[in-house]
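Below you'll find the structure, written out as structure tokens, and then a few comments.
Protein chains: 2
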Amino acid sequence: MRDPEKTRAEILQAAFQEVYEHGFQSCSVNEIVAKTDLTKGAFFHYFQTKNDLGYALADEILREITLDRYIRPLAAYANPVQGIIHRFKKVIENTSDEHLGLGCPLNNLTQEMSAVDPVFREKLNTVLRLWIDETEKYLRKAQAEGYLKPDVDPRQVAEFVVMIEEGSFAMVKNLRDKKVFWSLYESLKHYLESVSTKPETTHTPTVR
Amino acid sequence: MRDPEKTRAEILQAAFQEVYEHGFQSCSVNEIVAKTDLTKGAFFHYFQTKNDLGYALADEILREITLDRYIRPLAAYANPVQGIIHRFKKVIENTSDEHLGLGCPLNNLTQEMSAVDPVFREKLNTVLRLWIDETEKYLRKAQAEGYLKPDVDPRQVAEFVVMIEEGSFAMVKNLRDKKVFWSLYESLKHYLESVSTKPETTHTPTVR
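In order, the protein sequences belong to chains G and E.
Numbering-wise, our numbering puts 142 at position 142 of the first sequence, and it's gapless, one number per residue.
If you want our numbering, it's the position in the second sequence, counting the first as 1, plus 1000.
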């Protein structure tokens, strides 16, 4: 017997890859099924419609990718601001040249489906808002611990940081030039340092 | 007799509006023709294919909109950095609530058509590169005149500024929240001030 949880996860992974490479509307259930060892009937046992599959991609896969890429790793940094800078660096390093042209999966699906389907729009926006909210929490922590300047609004910084993380992917997707990615990284770093306290004016950070 | 130049411009304007509201692929030549007082035959006299029309939108309309919105007005400012900040403010002020969900026309068409058609991709990238190049020219001028810090790379700042101008539209398109637009404006302003010389350390700017 198949493990239903595992089968469902397998379908979602196959679908994510197809949708990421070709867009949601231009990929068919047949193509997704062909990437698994399931029958089409079995597929529809897990997802009644193609849209249900798309919603699960947003609710589960895109949510997890966003948290894994940008949020969860921040827990390991004494200074979350340095964590944000370092994570963006890692994301760029992990983006291979052939992936430059694919862009950010959340942004792609949002651009494609938000105007077409209000349920998609709401689900994709929930992921975007979660991304901003969680970034804000870490920035508040950074401020409480003296890394972020006291007169800075953590919500405002969080909105700007997430916009940069998404917007950089979109620009590099268009220009297909990794040098531009590194240039945008340097600017994000410069910006975040401009809202940070100077190392000498704050208390010594905890070394982990 | 119709003025051919004027007729062509009329078609392009009608097409721009249709494509901006509904996307390039989902709008038909019939719908565009219906927005003008032309026949379909007359339309094909000006544009042999729907793609030819799309290319002209990129080469002419999107190029002009970008220059008119972001570049040409900078000539009126003694300090181009203040000009960039002020122009972004104007663009936000001029974006009505019902237009928030439409996003940036250049970014929309790029997201939709770049992966589908390499000619579109090249033409849309030409507009994006022009936008960065022209922003860079004004930033070099600002640096030569002592407004931008001497150790700052104008190309790097230009790439970041244009990414913010496009990325802010994309984020606000998703969230449909003008407060976020103003928050992103404040951050762009903060960033540009952090790469500017302090007013008291530079020579008095020419008042125009």
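For every residue, glycine included, the Cβ atom is placed at its ideal position computed from N, Cα and C.
Q: Starting from the beta carbon of G167(G), find every residue of chain E whose beta carbon is closer than 8 angstroms, and list them in chain order.
A: M1163, I1164, E1166, G1167, S1168, A1170 and M1171
Q) Which first and last residues belong to the alpha helix (DSSP H) in which T7(G) is found? A) P4 to H22
Q: Check each residue of the segment 179-200 of chain G: if its Cβ is closer than 9 angstroms to any Cβ of chain E, include it; give the result in chain order.
A: V180, S183, L184, E186, S187, L188, H190, Y191, E193, S194 and V195
Q: Please name the residue, chosen from D133(G), K6(G) and A115(G), that lies closest to R1176(E) on a Cα-to-Cα basis.
A: Measuring from the Cα of R1176(E), the nearest candidate turns out to be A115(G).
Q | Cβ-based burial, H1203(E) [other Cβ within 10 Å; buried from 16] | A | Residue placement at H1203(E) is poorly supported in this model, since its pLDDT is 49, which falls under 50; the coordinates are not used for a value here.
(Q) Strictly below 7 angstroms CB to CB, what residues from chain E border E136(G)? (A) For E136(G), none of the residues of chain E pass the 7 angstroms Cβ criterion, the least Cβ distance being about 11 angstroms.
Q.
If you measure between the beta carbons of N125(G) and N1174(E), is that distance less than 8 angstroms?
A. yes
Q | Proximal residues of chain G, C-beta to C-beta of S1114(E) below 9 angstroms | A | G101, K173 and N174
Q: Can you give me the Cβ contacts of E1010(E) inside the same chain, cut-off strictly under 6 angstroms, excluding the 5 residues immediately before and after it?
A: Once the five neighbours on either side are set aside, the close Cβ partners of E1010(E) are T1036.
Q) Under a three-way DSSP split, which group does S1028(E) fall into? A) coil
Q) So what does DSSP say about S1196(E), is it helix, strand or coil? A) strand
Q) Taking buried to mean at least 16 other C-beta atoms within 10 Å of its own C-beta, is S26(G) buried or exposed? A) exposed
Q | Residues bridged to L1231(E) [DSSP beta-bridge criterion] | A | Not covered by the structure: residue 1231(E). The range shown for chain E is 1001 to 1208.
Q | Under 7 angstroms from the C-beta of F1160(E): neighbouring residues of chain G | A | L184 and S187
Q: Output, in chain order, the set of chain E residues within a Cβ distance shorter than 9 angstroms of L128(G).
A: M1171, N1174 and L1175
Q: Give a yes or no on whether the minimum CB-CB distance between Q1143(E) and chain G is below 8 angstroms.
A: no
**Q.** Cβ of Q1017(E) within 8 angstroms of any chain G Cβ
**A.** No, because no Cβ of chain G sits closer than 8 angstroms to the Cβ of Q1017(E).
Q: Can you check the segment 1099-1173 of chain E for any beta strand (DSSP E) of at least 3 residues that lies completely inside it and give the ranges in chain order?
A: none
Q | For R2(G) and T1095(E), the rounded distance between their alpha carbons | A | 53 angstroms
Q) Secondary structure at S1187(E), three-state DSSP: helix, strand or coil? A) helix
Q: For E200(G), I'd like the list of residues in its chain whose CB is within less than 8 angstroms of its CB, leaving aside the five on either flank, ordered along the chain.
A: With a pLDDT of 48 at E200(G), under the threshold of 50, the modelled position of this residue cannot be trusted; read the value that follows with caution. Shown here for E200(G): not one same chain residue has a beta carbon closer than 8 angstroms to its own, the five before and five after excluded.
Q) Roughly how far, in whole angstroms, is the beta-carbon of M1171(E) from the beta-carbon of S168(G), given that I think they are within contact range, below 8 angstroms? A) Contact doesn't hold; Cβ gap of about 12 angstroms is too wide.
Q. What's the C-alpha gap between H45(G) and V1180(E)?
A. Going from the Cα of H45(G) to the Cα of V1180(E) covers about 41 angstroms.
**Q.** Beta-carbon neighbours of Q156(G), restricted to chain E and to distances below 9 angstroms
**A.** S1183, L1184, E1186, S1187 and H1190
**Q.** Residue nearest to R69(G) in terms of C-alpha spacing, selected from I85(G), F47(G) and N79(G)
**A.** I85(G)
Q: To the nearest angstrom, report how far apart L1192(E) and L100(G) are at their CA atoms.
A: Cα to Cα, the separation comes out at about 27 angstroms.
Q. Thinking C-alpha only, which one of V161(G), R140(G), E159(G) and F160(G) is nearest D151(G)?
A. R140(G)
Q | Neighbour-count burial assignment, E18(G), 16 or more Cβ in a 10 Å radius | A | buried
(Q) Once DSSP output is grouped into helix, strand and coil, what is the label at D97(G)? (A) In the displayed model, D97(G) falls within a helix according to three-state DSSP.
Q. Would a check of beta-carbon distances place Q1111(E) closer than 8 angstroms to chain G?
A. yes
Q: Please look up how many angstroms separate the CB atoms of L106(G) and L128(G), rounded, as I've assumed it's under 8 angstroms.
A: 7 angstroms
Q) Which residue's Cα is closest to the Cα of A58(G): Q82(G), E112(G), E93(G) and A42(G)? A) The option with the nearest alpha carbon to A58(G) is E112(G).
Q. With 16 as the cutoff for other CB atoms within 10 Å, does P1080(E) come out buried or exposed?
A. buried
Q | Contact set between N125(G) and chain E, taken where Cβ atoms lie within less than 8 angstroms | A | Within chain E, the residues placing a beta-carbon under 8 angstroms from that of N125(G) are N1174 and L1175, ordered along the chain.
**Q.** Interface partners of N51(G) on chain E, CB under 8 angstroms
**A.** What N51(G) touches in chain E: nothing, since even the nearest Cβ is about 18 angstroms away.
Q.
Quick check on this structure: which residue in R1063(E), G1146(E) and E1186(E) has the alpha carbon closest to the alpha carbon of Q1092(E)?
A. As written in the sequence, residue 1092(E) is Ile, which differs from the Gln given in the question. I1092(E) has its Cα closest to that of E1186(E), out of R1063(E), G1146(E) and E1186(E).
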